[in-house]
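*Asks:*
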Amino acid sequence: MDISDEQDPCPTGELVLQTLALPKDTNSNGDVFGGWLMSTMDLAGAIAAREVAKGRVTTVSVGAMAFLRPVPVGATVSCYCEISNVGRSSLTCNLEVWVKHYKWESQQKVTETEIVYVAIDDVGRTRPISS
Ligand SMILES: CC(C)(COP(=O)(O)OP(=O)(O)OC[C@H]1O[C@@H](n2cnc3c(N)ncnc32)[C@H](O)[C@@H]1OP(=O)(O)O)[C@@H](O)C(=O)NCCC(=O)NCCS
195 MDISDEQDPC PTGELVLQTL ALPKDTNSNG DVFGGWLMST MDLAGAIAAR
245 EVAKGRVTTV SVGAMAFLRP VPVGATVSCY CEISNVGRSS LTCNLEVWVK
295 HYKWESQQKV TETEIVYVAI DDVGRTRPIS S
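For the sequence shown, my numbering assigns the number 195 to the initial residue and increments by one for each residue that follows.
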């Protein structure tokens, strides 16, 4: 996957989740663990998808990801989401993660991916998304 922040001077989408990278989220290098970032992106996409689906959603697929730079402890992690498609029961969310450390002048893009959610009912069956 080829992603470059040189073409993206600022985030695409709406800010849906912002959090802080803590020591408990680090890998053995002392930088933030990629799995934590993926989980945070999944939560961010679900927040956006639930608003449109007006109810429960579940994650059905996650696109490829590349990590452009390490995330240091203490950085503010911001997840931006743009919903690119709403199907009968599915929603496609384009997610970007940007980070800003207080020592930096501006925030920097770390990764992006596409996550598809499906609207489900109380027993986990797909349900149509009403417009
Ligand atoms: C999500 C789930 C309910 C879908 O069930 P299903 O029988 O595949 O449902 P359907 O075939 O009717 O597909 C429903 C929608 O999902 C889409 N979809 C299904 N598999 C997909 C995939 N791999 N990628 C993208 N979209 C997919 C379909 O295109 C369809 O979209 P539409 O209604 O907008 O046209 C079922 O697969 C499931 O429960 N998966 C586990 C989800 C989960 O637990 N996620 C958490 C991570 S463990």
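For every residue, glycine included, the Cβ atom is placed at its ideal position computed from N, Cα and C. For clarity, every value in this text was computed on a predicted model and none was experimentally measured.
1. Find the nearest neighbour of Val317 within the set Ile277, Val251 and Thr213, judged by alpha-carbon distance.
2. Please confirm if Asn288 has its CB atom under 9 Å from at least one CB of chain C.
3. If you run the structure through DSSP and keep just helix, strand and coil, what is Ala240?
4. When you compare each of Val267, Arg321, Ala258 and Leu262 to Gly281 by their alpha carbons, which one comes out closest?
5. On a CA-only basis, which of Arg244, Tyr296, Ser300 and Gly268 is nearest Ala313? Give me that one, please.
6. Sort Ser222, Asn223, Asp225 and Leu211 by Cα distance to Ala242 and report the nearest one.
7. Decide yes or no for the touch test of the stretch 212-226 against the stretch 258-265: beta carbon pairs closer than 8 Å, at least 3 of them.
8. Taking a cut-off of 6 Å, which residues have a beta-carbon closer than that to any heavy atom of ligand 1, in chain order?
9. Beta-carbon within less than 8 Å of Ser300's beta-carbon, same chain only, minus the 5 sequence neighbours each way: which residues are those?
10. Using the three-state DSSP reduction, which class does Thr305 fall into: helix, strand or coil?
11. Taking all protein chains shown into account, do 16 or more other C-beta atoms lie within 10 angstroms of the C-beta of Gly229, making it buried, or fewer, making it exposed?
12. Do you know how far the Cα of Ser272 is from the Cα of Asp219?
13. Would you call Tyr274 buried or exposed, if buried means 16 or more other Cβ atoms sit within 10 Å of its Cβ?
14. Going by the CB atoms, is the gap between Val310 and Cys291 shorter than 9 Å?
*Replies:* Let me lay it out:
1. Position 123 of the sequence shown, counted from the start, is the residue given in the question as residue 317. Residue nearest to Val317 within the set Ile277, Val251 and Thr213 is Val251 (criterion: CA-CA distance).
2. Within the model displayed, chain C is absent; a lone protein chain is all it includes.
3. Locating residue 240 in the sequence shown gives position 46, counting from the first residue. Ala240: helix per DSSP, three-state reduction.
4. In the sequence shown, residue 281 corresponds to position 87, counting from 1. Of the listed residues, the one whose Cα sits closest to Gly281 is Arg321.
5. As a working mapping, residue 313 is identified with position 119 in the sequence shown. The shortest CA-to-CA distance from Ala313 to any of Arg244, Tyr296, Ser300 and Gly268 is the one to Arg244.
6. As a first step, residue 242 is located in the sequence shown; it is residue number 48 there, counting from the start. For Ala242, the nearest C-alpha among the options comes from Leu211.
7. yes
8. Thr252, Thr253, Val254, Ser255, Gly281, Arg282, Ser283, Ser284, Val310, Val312, Ile314, Gly318 and Thr320
9. The residue labelled residue 300 in the question sits at position 106 within the sequence shown. Excluding positions up to five away in sequence, the list reads Lys294.
10. The count along the sequence shown starts at 1 and reaches residue 305 at position 111. Strand at Thr305.
11. Counted from its first residue, the sequence shown places residue 229 at position 35. It is exposed - the Cβ of Gly229 has fewer than 16 other Cβ atoms within 10 Å.
12. The residue given as residue 219 occupies position 25 in the sequence shown. The residue given as residue 272 occupies position 78 in the sequence shown. Rounded to the nearest angstrom, the two C-alpha atoms are 15 Å apart.
13. For the purposes of this step, residue 274 is taken as residue 80 along the sequence shown, with counting starting at 1. The residue is buried, with at least 16 neighbouring Cβ atoms inside 10 Å.
14. Along the sequence shown, one-based indexing puts residue 291 at 97. Along the sequence shown, one-based indexing puts residue 310 at 116. For the record, residue 291 in the displayed sequence is Val; it is not Cys. Result no, Cβ atoms of Val291 and Val310 do not sit closer than 9 Å.
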